[in-house]
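Read the structure below first, then the notes.
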Ligand SMILES: CC/C=C\CCC/C=C/C(=O)SCCNC(=O)CCNC(=O)[C@H](O)C(C)(C)COP(=O)(O)OP(=O)(O)OC[C@H]1O[C@@H](n2cnc3c(N)ncnc32)[C@H](O)[C@@H]1OP(=O)(O)O
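Below, the structure written as structure tokens:
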């Protein structure tokens, strides 16, 4: 299967891509920190670069023009301030690499794509901390939603709340077919409210009525139900998620970048502008909401419930 994906990519990438794939090794003296390493998906040894920071592993295949970002914040890939910050920094780096046209976001943790925002960042801290944290959440969404790259979420585990938002910010979602995994914006279950731009991102994906239903009830969908409602685009056997992501990527990368990017901007800019117009007000609203005693209590109880579930 992986080899078939490579041949499809070779065909679709055309001219320079084919040459680069054939040459097998593009290391140049000036390209420091590049590593030659065998591919985990069966590509010929190609020009690759890996960098890892706390909570994130990034692997760039310059020959294919595809980067893979693996969230790596065990045990559940909760989106801590550090992970959010590193995510944004690495996205900016990739965005500036001309040869990087596609990004696959996935998880290094078995069974969990991401548990969403790190709840411990949202209680028992100062207002300044909440403001910094929320700004980082906004920043990641803005960067991802408007990325020039084709962004595919390879959802290889559960993906509640902020984890779901990350995948919704991509262009295409592939989820592992395991009924134990769930995905959705379940904020109301925590006694909190998905902000308007989380809601807008969901509405843009599955429509108003289905979003209202999902958001009010804090629904977490099984892969089959997520596919039915349109939160994900494809459900595939667990061991086929990465190959499918590469296959789908080749299709998206066969479209001329400028045409695809302008179309993406046309579709998404109004949603992004809504947040940009009131970014500071949104931070203030978050800080004041999350600082309420009743909300702090709800979050504390929710964490307690998560821990007690295990006992
Ligand atoms: C005005 C706007 C206001 C507010 C907007 C805020 C928007 C918020 C968005 C969010 O993303 S909130 C986070 C929502 N996330 C969840 O509800 C998921 C909670 N977690 C789970 O359901 C499960 O942990 C799981 C992801 C399904 C994984 O289950 P598993 O059984 O594999 O692990 P376990 O539950 O034992 O967890 C291990 C460990 O991790 C801690 N944990 C889990 N999730 C989080 C989290 N989101 N943040 C911080 N910590 C988390 C859990 O407590 C365990 O810790 P322990 O080992 O110390 O007990």
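Numbering (my numbering), first residue to last: 545 to 855.
A virtual CB, placed ideally from N, CA and C, is assigned to each residue, including glycine.
Looking at residue i and ligand 1, is the gap between the Cβ and the nearest heavy atom below 7 Å?
i, result
"residue 728", "no"
"residue 829", "yes"
"residue 652", "no"
"residue 664", "yes"
"residue 853", "yes"
"residue 655", "yes"
"residue 620", "yes"
"residue 735", "no"
"residue 719", "no"
"residue 782", "no"
"residue 739", "yes"
"residue 754", "no"
"residue 770", "no"
"residue 758", "no"
"residue 751", "no"
"residue 676", "no"
"residue 706", "yes"
"residue 824", "no"
Since residue i is in the alpha helix (DSSP H), which residue starts that stretch and which ends it?
i, result
"residue 786", "785 to 797"
"residue 835", "823 to 835"
"residue 689", "671 to 689"
"residue 733", "Taken as a continuous stretch (DSSP letters only), residue 733 belongs to no alpha helix (DSSP H), as it is neither H nor E."
"residue 747", "740 to 750"
"residue 637", "625 to 640"
"residue 707", "706 to 712"
"residue 768", "767 to 773"
What is the rounded straight-line gap between the Cα of residue i and the Cα of residue j?
i, j, result
"residue 758", "residue 770", "11 Å"
"residue 575", "residue 602", "Reliability fails at residue 575, whose pLDDT of 30 lies under 50, so the model's placement of it is uncertain and the value that follows must be treated cautiously. Each residue's Cα considered, the two are about 16 Å apart."
"residue 613", "residue 694", "13 Å"
"residue 792", "residue 716", "8 Å"
"residue 762", "residue 779", "21 Å"
"residue 930", "residue 819", "The structure shown has nothing for residue 930, since the chain only spans 545 to 855."
"residue 832", "residue 678", "12 Å"
"residue 558", "residue 743", "A caution first: residue 558 carries a pLDDT of 42, below 50, which makes its placement in the model too unreliable to give a value."
"residue 737", "residue 731", "6 Å"
"residue 812", "residue 684", "15 Å"
"residue 653", "residue 620", "7 Å"
"residue 648", "residue 629", "18 Å"
"residue 589", "residue 609", "Reliability of the predicted coordinates at residue 589 is poor, the pLDDT of 36 falling under 50, and no value is obtained from them."
"residue 680", "residue 772", "32 Å"
"residue 760", "residue 655", "26 Å"
"residue 785", "residue 670", "40 Å"
"residue 615", "residue 808", "25 Å"
"residue 703", "residue 721", "13 Å"
"residue 798", "residue 854", "47 Å"
"residue 515", "residue 668", "An answer regarding residue 515 cannot be provided, because it is not within the stretch 545 to 855 covered by the chain."
"residue 627", "residue 662", "10 Å"
"residue 836", "residue 740", "19 Å"
"residue 768", "residue 600", "29 Å"
Taking its Cβ as the centre, do 16 or more other Cβ atoms sit within 10 Å of residue i, making it buried, or is it exposed?
i, result
"residue 848", "exposed"
"residue 850", "exposed"
"residue 802", "exposed"
"residue 606", "buried"
"residue 723", "exposed"
"residue 633", "exposed"
"residue 795", "exposed"
"residue 810", "exposed"
"residue 783", "exposed"
"residue 764", "buried"
Start and end of the beta strand (DSSP E) containing residue i?
i, result
"residue 603", "600 to 605"
"residue 717", "716 to 720"
"residue 614", "610 to 615"
"residue 652", "Segment: none, residue 652 is in no beta strand (DSSP E) and carries neither H nor E."
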